[in-house]
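Peer 1: There's a structure below that I have some questions on.
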Amino acid sequence: MIAANKPNKIARYGMSIDLDRCTGCGACMVACAVENNVPPAHEGATARKGITWIRVFKVDNGEEGPARRSVFVPVLCQQCGEDTPCVHVCPQQAVEVDPATGIVGQMPERCLGCRYCMAACPYHARFFNWWDPQWPAGMEKTLNPDVAPRMRGVVEKCNFCHGRWHAAKERAAAAGKSEIEAGAYVPACVESCPTGAIRFGDLKDAASEPAVAAKDAHSFRLLEKLGTEPKIYYHSKRDWVRQVAAAPKPPNGKENARG
Amino acid sequence: MQRTRRDILLFMGGGAAGAMLTPAPWRLVTDAAIWSENWPGIPRPARGEITARYTNCALCPAGCAVRARCVAGQPVSLAGVAGNPLSQGALCAFGLTGHQLPYHPQRLKQGTPEEAAAAVRGAMAKCGAGESVAVLDLAPGRAASWTYRRAMAAVANGVYLAPPPPLGGAAVNLAKARTVLSLGAPLLDGWGTPGNVHAARANFRLIQAEPWESRTAALADEWLPIRPGSEAALALALKDPKTAPSAAQATGLTEKQILDLANELTANGPALVLSADDLPEALALNHALGAWGQTLVARPEVPVPDAWKKAAPERVVASVPDNSIRVLFIDESVPGSHIPWGAIEKKLVRDNPVVVAFAWTLEGYGRHAQFTLPTAVYPELTSDIPPAIDSPAATFRISVSLVAPPAGMADPSAFIAKAAGIDAGNALQERADAIHKSGRGTLFTYADGKSTPLKDIKPDAFWKSLNEGATWLGGAEEPLTRRRGDAEEIPGELPSEAPRLRVSASDTFPLLVAFTTPTPATLSSPLMSKLYQDSDLRMAPNTAALHPDTARASGITGASRAVLETQYGRCAIGVIPDESVPPGMLEVAAGPEILDICGAFTRAKVVAA
Amino acid sequence: MDREFITRGVKRCSGGKFLLWILPWVAMLIFGLYSAGLCLVKGLNQTNMDNRFAFGLWIFLDLTVIALGAGAFFTGFLLYILKMKELRAVINSAVVIGVVCYSGAMCALAVDVGQPLRFWFTFWYPNVHSMLTEVTFCITCYLTVLMIEYLPIVLKNRKLRDVPEFLVFEHELHKLIYVLAGVGTFLSFFHQGSLGGLYGVLRGRPFAFREGLAIWPSTFFLFILSAAAVGPSFVLLTTWLVEKISKKRLVRPEAMQMLGRISGLLLAVYVLLKTIDTLVWINRTSPGNGFPAAQYYAWHPFGTWILFTEIALLGMVPALILLTPKLRARTGWLVSAAAMACCGVALNRFVQTVQTLAVPTLSFDKFMTYTPSWQEVGTFLAVLAYGVLVYSFSFRYFQLFPDERELKLEVAQVEEEPALVGRY
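Chains as they are written, first to last, in the working numbering: chain A, 252 to 510; chain B, 139 to 747; chain C, 413 to 836.
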């Protein structure tokens with residue numbers, strides 16, 4: 252107990268995503284769903300009602316024909332570090348920032364389902380359970396014991412696989428350490444990325460991959476000008492790709508039903 | 139003292155007021171909040187001891203190494219095995235959800251093995267001259283495949299059929315390549331072993347010639363948008379610059395672009411040319427570029443016991459005369475290449491052929507077979523996985539059963555061996571022993587990430603390691619015996635299951651079908667709906683994207699459903715208008731229905747539903 | 413049959429006619445309750461809201477009716493605190509409108525949240541930084557205040573007055589009315605403001621985000637002002653409607669004109685401040701967040717016309733009409749202007765709720781539209797029907813317009829002077 256009360260190192264976990272490596276395969280999306288007990292799509296679900304804590308968008312440069320180029324952009328909770336838009340709007344403290352890790356956490360069991368936080372989030376990284384979760388018969392055996400499934404009517408979002416953080420903490424404690432070592436805790440999407448495009452670490456640790464990436468001239472964050480200090484850094488050497496960070500451009504009336 | 143009713147009421151009132159000053163009522167309210175957190179009907183994850191177990195993914199020929207996180211023995215999540223020399227710790231989306239397949243709602247649970255065996259016996263007895271008993275093996279090269287070949291050798295008129303081997307059976311050595319020209323091959327989207335491809339990616343320049351901006355094209359160093367169906371013309375011109383003018387016309391590229399590309403391939407070698415559907419022109423171009431022995435190599439065979447050598451040869455379906463197969467076994471328990479049912483059906487005898495499919499769902503050939511016998515599915519089944527296309531070395535690894543299959547599952551090799559009257563034995567272990575006897579190569583074990591020379595391992599330990607997650611790698615120093623696909627042997631025309639319609643669009647079937655990969659021929663976990671329903675990252679199975687102009691020309695503007703028609707038949711599909719798909723093309727997310735009517739280079743048309 | 417319940421000295425239609433009037437509203441209410449029941453039992457998947465359109469028709473409805481219901485607090489404030497005696501003629505009606513609007517909004521909110529059974533969490537685990545906590549607390553308290561204000565109106569019913577205890581209770585309550593008006597005003601100022609603050613604080617939605625004073629964004633004050641401006645207009649509008657439907661004179665023209673004048677005055681101030689706010693937002697706040705304001709209006713159908721309609725057409729124009737004594741004196745102008753003001757505020761609430769969510773924030777977002785499902789429309793209609801029914805019953809059995817009796821006598825006297833009749 253005394254050891255638990257000792258002031259631990261304060262971490263600021265963050266991520267860097269190399270868009271030049273992302274193939275849009277979707278491994279992160281399914282690994283995330285497996286890890287966090289997100290059920291398969293309900294039969295009535297669409298891309299607008301589905302739950303994808305991390306979602307890969309296909310973004311193009313707006314050109315036609317051979318000049319057209321696309322990039323895949325994985326978007327998850329950007330873990331805003333300043334003025335976190337969703338935290339102060341929640342009427343019943345169901346959203347909080349963990350002071351020890353900087354992770355923006357959501358407590359679905361506290362959530363009223365008012366969806367104010369969803370209106371507040373500019374990244375659309377929050378998802379409402381429009382249905383009760385359903386798994387095909389028997390598949391509930393494959394649920395992760397570290398994460399409680401959510402009922403309908405509550406909001407959920409990426410929490411950097413908080414269950415994994417707890418497990419890493421316990422492993423560290425069992426090994427007699429008070430801190431989680433670098434690399435001992437990574438979210439499921441990071442672990443699953445086949446190309447290693449997603450890297451994870453403590454931004455306060457100058458040697459961690461995201462901290463190094465954050466200083467790169469080709470790095471950027473989405474909607475940085477909002478001043479919410481997101482902790483997800485994107486990286487691309489292609490100039491046009493870095494434009495995805497900025498505000499939307501007015502429409503040009505293209506006919507395309509796919510993202 | 140006399141107690142009045144008033145006293146009692148006062149006492150109760152005072153008690154209630156006093157209770158408010160104790161934690162009890164507030165605690166109750168807080169607890170009520172906790173109770174409301176458990177909605178009835180929400181499953182509670184089971185708890186138990188957490189362990190790591192290792193296996194190899196059997197969902198495609200890559201056979202990536204897998205670490206399964208198990209709770210009380212039940213896998214709850216899968217991950218790659220870091221340090222694995224081939225799969226490099228990577229798993230694809232299908233592989234990451236493989237542990238959910240046993241609980242797929244469309245899982246086949248019951249069959250009639252006795253009736254099937256009786257029908258097979260009867261039909262085999264009736265099998266006349268010119269007729270045959272055949273096994274169609276969708277994943278050739280396994281120990282079970284050898285059992286089928288032995289069984290078919292033991293049966294009069296026995297035929298062993300398999301899909302044609304990619305690249306004529308050669309293996310790709312990506313590590314040696316400096317320039318890769320991909321003619322529509324989904325190199326960065328499920329081709330070969332994803333981990334291996336991504337590891338090698340930094341060392342070669344990738345040029346993608348493809349009509350639409352696929353995932354590979356999006357990340358290629360250069361994307362050459364060519365006209366649909368002009369891949370062969372481009373390959374020909376790169377080999378023989380004299381044809382460049384006509385190729386320029388066919389592909390829509392400039393002559394200079396083609397000549398520059400030809401120069402680049404020779405100047406910046408070793409080069410490698412890959413194509414979506416094994417174009418013979420691409421193989422010939424590889425030959426001309428000197429890829430053979432460099433980026434394209436003849437992989438040594440994985441040793442087999444000498445007793446197995448009396449085996450039926452591997453043949454392709456097209457080589458069998460029409461209306462000649464009386465008994466056909468189809469093993470689709472391990473997913474592999476799909477052959478349109480139409481191509482198979484015409485090979486069956488006209489009067490009462492017996493078709494027995496071994497499958498874990500009814501979505502495959504089971505829909506056409508008289509008998510469909512349920513089989514175990516990954517990760518229940520135990521099977522070896524043949525070497526991946528991008529492994530220059532021979533490999534042997536076993537997909538280990540992590541979950542006990544349900545009762546009543548059929549074992550295809552035991553069933554077929556029994557029908558043929560041979561003893562299947564423990565083929566897997568026999569083959570492991572044969573490998574061990576060769577004494578070559580090394581064993582990479584997953585739990586400790588160590589490589590050990592095979593000669594330092596005892597046979598029992600070898601077998602045990604293979605069953606706990608390991609890969610045997612035949613060393614590169616091994617003498618190259620039994621070369622296949624040597625320069626002299628390059629076939630002019632590879633055997634194929636579908637006609638190659640590389641001519642200009644026909645009136646009957648004006649559209650060229652291109653598969654968005656990867657789409658396994660079998661069903662995938664319901665959780666894959668995250669990618670195509672809860673988001674629009676990929677298209678749902680049995681869906682096609684087409685240019686709005688194509689949709690208009692096909693008269694399906696505004697509809698979300700249509701009918702896809704090819705020479706093999708028709709099926710209902712979903713359609714999505716998408717300006718990024720070139721006119722004249724259908725970008726198709728395959729599903730069992732579509733695969734049944736589409737093969738390589740299929741031309742099709744869409745009509746209103 | 414219900415004669416003895418109807419206020420002495422006023423005339424009400426026959427029971428049968430009344431039944432005929434309420435029947436369609438009851439039918440609408442039943443359909444609406446069925447729709448709402450579906451949403452409660454099966455969940456919000458019955459709606460067409462989604463993760464992008466997290467708020468839809470219902471939040472728009474809530475914001476609008478609460479703004480329109482502001483007449484209750486503001487009329488009370490003017491009457492009891494600022495002593496504008498003319499408004500005594502409409503205060504009861506205003507209170508009923510308030511009760512209807514606020515309780516209707518609360519019911520719609522209860523359907524709108526995903527876990528209605530957890531409504532008390534907000535009181536148990538309040539996040540004091542959240543505008544929504546402020547709204548919830550204030551609205552709950554204010555609804556209680558409104559109910560207490562409504563009680564004397566009910567207890568004054570002819571039949572209920574027969575119970576002496578009720579009469580005493582009503583008398584005691586009435587003494588409290590100044591306190592209630594004060595508390596109600598305070599609460600209302602706060603929650604109207606907080607409702608505006610709901611959107612103004614959304615740093616992540618540059619379309620809605622506004623700078624302001626201390627912790628309150630400018631929308632906080634604009635919502636108070638717009639609600640105060642439109643409340644009297646809505647009271648005016650309903651009074652006129654009730655006069656038309658019941659074919660009776662209920663209030664004196666002076667009271668109506670006073671409502672119009674107050675509305676116009678506040679509306680003018682509101683339009684001025686809203687214009688300044690919009691200019692600051694276009695030139696400073698939004699570009700500062702990296703969002704050029706012009707692009708918000710490039711997503712059709714939300715062009716700049718919506719800004720013009722909201723501020724000029726449905727703000728400035730009615731304000732000018734209501735501030736011009738000549739025009740205000742003519743019923744047609746007065747009522748039209750009041751209706752325009754109400755529409756203007758409704759449009760403002762629509763822009764805040766719907767346009768905020770429809771315009772993209774990420775560069776690769778799509779502009780989205782949303783059509784409410786029939787269950788959502790049904791629930792919306794239930795609130796409407798509920799309001800009409802509560803008001804109809806209140807009008808029939810309680811004395812909503814104290815001047816009605818006198819006006820009836822006046823009408824009888826001047827029956828020979830048709831020029832005056834029908835003016836109201």
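Using N, Cα and C, we set each Cβ at its ideal position, and we do this for glycine too.
All values derive from a computational prediction rather than experimental measurement.
Spatial neighbours of B/K247 within its chain, please: CB distance less than 7 Å, with the 5 preceding and 5 following residues excluded, ordered by chain position.
Peer 2: The residue labelled residue 247 of chain B in the question sits at position 109 within the second sequence. Contacts found: P512 and P544.
Peer 1: Please state if the CB of A/A282 and the CB of B/L305 are separated by a distance shorter than 7 Å.
Peer 2: In the second sequence, counting from the first residue as 1, residue 305 of chain B sits at position 167. In the first sequence, counting from the first residue as 1, residue 282 of chain A sits at position 31. It is not a contact, given that the beta carbons lie outside the stated cut-off.
Peer 1: Which residues, in chain order, does the region 711-725 of chain C contribute to contact with chain A at a C-beta distance below 7 Å?
Peer 2: Result list: W711.
Peer 1: Using a Cβ cut-off of 7 Å (strictly closer), state whether A/G265 contacts chain B.
Peer 2: If you number the first sequence from 1, residue 265 of chain A lands on position 14. Closer than 7 Å: no.
Peer 1: Listed from N- to C-terminal order along the chain, which residues in the region 306-332 of chain A have their beta-carbon within a distance smaller than 9 Å of any beta-carbon of chain C?
Peer 2: Answer in chain order: F308, K309, V310, D311, V324, V326 and C331.
Peer 1: Listed from N- to C-terminal order along the chain, which residues in the region 165-194 of chain B have their beta-carbon within a distance smaller than 7 Å of any beta-carbon of chain A?
Peer 2: The region 165-194 of chain B vs chain A, Cβ under 7 Å: E175, W177, G179, I180, P181, P183, A184 and R185.
Peer 1: Looking at the unbroken alpha helix (DSSP H) that takes in C/T548, where does it start and where does it end?
Peer 2: Sequence index remark: in the third sequence, residue 548 of chain C carries index 136 (1-based). Taken as a continuous stretch (DSSP letters only), the alpha helix (DSSP H) holding C/T548 covers M543 to L567.
Peer 1: Would A/E407 pass as a contact of A/F378 if the rule is Cβ separation under 7 Å?
Peer 2: Here residue 407 of chain A corresponds to residue number 156 of the first sequence, with the count starting at 1. Here residue 378 of chain A corresponds to residue number 127 of the first sequence, with the count starting at 1. Yes; because the gap between Cβ atoms is below 7 Å, this pair is in contact.
Peer 1: Closest Cβ-Cβ distance between A/G495 and chain B: below 7 Å?
Peer 2: In the first sequence, residue 495 of chain A corresponds to position 244, counting from 1. Note on residue identity: the sequence assigns Val, not Gly, to residue 495 of chain A. No, no contact with chain B.
Peer 1: Taking only runs of the beta strand (DSSP E) that begin and end inside the region 453-502 of chain A, which ones reach a length of at least 3 residues, in chain order?
Peer 2: Here the runs fully enclosed are 483-486.
Peer 1: Does the structure place the region 307-325 of chain B close enough to the region 420-438 of chain B that three or more beta carbon pairs sit under 8 Å?
Peer 2: Result yes; three or more Cβ-Cβ pairs closer than 8 Å.
Peer 1: So, is C/N695 buried or exposed, given that buried needs 16 or more other C-beta atoms within 10 angstroms?
Peer 2: Here residue 695 of chain C refers to the residue found at position 283 when the third sequence is read from its first residue. With fewer than 16 other Cβ atoms within 10 Å, it is exposed.
Peer 1: Would A/L474 and A/R263 qualify as a contact pair, given that the criterion is a beta-carbon distance under 7 Å?
Peer 2: Residue 474 of chain A sits at position 223 when you count from the first residue of the first sequence. Residue 263 of chain A sits at position 12 when you count from the first residue of the first sequence. Their beta carbons are not under 7 Å apart, which means A/L474 does not touch A/R263 by this criterion.
Peer 1: Nearest-angstrom Cα distance between B/R622 and B/I694?
Peer 2: Translated into the one-based positions of the second sequence, residue 622 of chain B becomes position 484. Translated into the one-based positions of the second sequence, residue 694 of chain B becomes position 556. Caution applies to B/R622, whose pLDDT of 39 falls short of 50 and renders its modelled position unreliable; the model cannot decide the point.
Peer 1: Excluding the five sequence neighbours on either side, which residues of its own chain have a C-beta within less than 7 Å of the C-beta of A/N288, listed in chain order?
Peer 2: Taking the first sequence and counting its residues from 1, the one referred to as residue 288 of chain A is at position 37. Excluding residues within five positions, the ones whose Cβ falls inside 7 Å are L394, N395, V398 and P400.
Peer 1: Would you kindly work out how many angstroms separate the C-alpha atoms of C/L610 and C/Y446, rounded to a whole number?
Peer 2: Residue 610 of chain C sits at position 198 when you count from the first residue of the third sequence. Residue 446 of chain C sits at position 34 when you count from the first residue of the third sequence. Those two C-alpha atoms are separated by around 30 Å.
Peer 1: Give the secondary structure of B/I345 by DSSP, where H, G and I count as helix, E and B as strand, and everything else as coil.
Peer 2: Along the second sequence, read from residue 1 onward, the residue named residue 345 of chain B stands at position 207. If DSSP states are grouped into helix, strand and coil, B/I345 belongs with the strands.
Peer 1: Starting from the Cα of A/G298, find the closest Cα among B/V701, B/S698, B/L669 and B/V538 and give me that residue.
Peer 2: By 1-based counting over the first sequence, the position of residue 298 of chain A is 47. Looking at the sequence itself, residue 298 of chain A is Ala, so the reference to Gly does not match. Of the listed residues, the one whose Cα sits closest to A/A298 is B/L669.
Peer 1: Please confirm if B/S673 has its CB atom under 7 Å from at least one CB of chain A.
Peer 2: Here the question's residue 673 of chain B lines up with position 535 in the second sequence. Yes - at least one Cβ of chain A is within 7 Å of the one on B/S673.
Peer 1: Using a C-beta to C-beta distance shorter than 7 Å, which residues of chain B count as neighbours of A/L394?
Peer 2: Numbered from 1 along the first sequence, position 143 holds the residue referred to as residue 394 of chain A. Within chain B, the residues near A/L394 are P181, P183 and V214.
Peer 1: Between A/P445 and chain C, is the shortest Cβ-Cβ distance under 7 Å, so that the two count as touching?
Peer 2: Locating residue 445 of chain A in the first sequence gives position 194, counting from the first residue. Chain C contact via Cβ: absent.
Peer 1: Identify every run of the beta strand (DSSP E) within the region 409-483 of chain B, keeping only runs that are complete inside it and at least 3 residues long; order them along the chain.
Peer 2: DSSP runs (the beta strand (DSSP E)) wholly in the region 409-483 of chain B: 409-413 and 463-469.
Peer 1: I need the straight-line Cα distance from A/N410 to B/P181, nearest angstrom please.
Peer 2: One-based indexing of the first sequence puts residue 410 of chain A at position 159. One-based indexing of the second sequence puts residue 181 of chain B at position 43. Their Cα atoms are separated by approximately 21 Å.
Peer 1: Taking any Cβ of chain C, which residues in the region 370-385 of chain A have a Cβ under 8 Å from it, in chain order?
Peer 2: Flagged, chain order: A370, A371, C372, P373, Y374, H375, R377, F378, F379, N380, W381, W382 and D383.
Peer 1: Return no unless some Cβ of chain A is closer than 7 Å to the Cβ of C/T781.
Peer 2: Within the third sequence, numbered from 1, the residue matching residue 781 of chain C stands at position 369. Not closer than 7 Å to any Cβ of chain A, the Cβ of C/T781 fails to qualify, so no.
Peer 1: Going by beta carbon distance, what residues of the same chain come within less than 7 Å of B/N295, once the five residues before and after it are set aside?
Peer 2: Position 157 of the second sequence, counted from the start, is the residue given in the question as residue 295 of chain B. Answer for B/N295: C265, E269, S270 and V271, listed in chain order.
Peer 1: For the beta strand (DSSP E) that contains B/W498, what are its first and last residues?
Peer 2: For the purposes of this step, residue 498 of chain B is identified with residue 360 of the second sequence, where counting begins at 1. No beta strand (DSSP E) contains B/W498, which DSSP labels as neither H nor E.
Peer 1: Alpha carbon to alpha carbon, how far is C/S645 from C/Q359? Give it in angstroms, no decimals.
Peer 2: Missing from the structure shown is residue 359 of chain C; chain C here goes from 413 to 836 and no further.
Peer 1: Listed from N- to C-terminal order along the chain, which residues in the region 338-361 of chain A have their beta-carbon within a distance smaller than 7 Å of any beta-carbon of chain D?
Peer 2: Included in the structure are the protein chains A, B and C, with no chain D among them.
Peer 1: Whole angstroms is fine: what's the gap from C/Q532's alpha carbon to A/L363's?
Peer 2: The count along the third sequence starts at 1 and reaches residue 532 of chain C at position 120. The count along the first sequence starts at 1 and reaches residue 363 of chain A at position 112. Note that residue 532 of chain C is Trp in the sequence shown here, rather than Gln. Whole-angstrom Cα-Cα distance: 9 Å.
Peer 1: I need the straight-line Cα distance from B/V749 to B/T740, nearest angstrom please.
Peer 2: No answer is possible for residue 749 of chain B: the residues shown for chain B start at 139 and end at 747.
Peer 1: Only counting the same chain, and skipping five residues up and downstream in sequence, which positions put a Cβ closer than 6 Å to that of B/A217?
Peer 2: Locating residue 217 of chain B in the second sequence gives position 79, where the first residue counts as 1. For B/A217, where only same-chain residues beyond five positions count, the Cβ hits under 6 Å are R205.
Peer 1: Kindly indicate which residue of A/Q343, A/T352, A/I302 and A/H469 has the alpha-carbon position closest to the one of A/G332.
Peer 2: Start at 1 with the first residue of the first sequence, and residue 332 of chain A comes out as number 81. The residue with the shortest Cα to Cα distance from A/G332 is A/T352.
Peer 1: If the cut-off is 8 Å on Cβ atoms, which residues from the region 271-295 of chain A count as contacting chain C, listed in chain order?
Peer 2: Of all residues in the region 271-295 of chain A, H293 and G295 have a Cβ within less than 8 Å of some Cβ in chain C.
Peer 1: If contacts are defined as beta-carbon pairs under 8 Å, then C/Y554 and C/S600 qualify, I think. What distance do you get, rounded to the angstrom?
Peer 2: To locate residue 554 of chain C, count along the third sequence from 1; it is residue 142. To locate residue 600 of chain C, count along the third sequence from 1; it is residue 188. Correct: roughly 6 Å between the Cβ atoms.
Peer 1: Give the residues from the region 345-368 of chain B that approach chain A closer than 9 Å (Cβ to any Cβ), ordered along the chain.
Peer 2: Listed by position, the residues of the region 345-368 of chain B near chain A (Cβ gap below 9 Å) are E351, R353, T354, A355, A356, L357, W361, L362 and P363.
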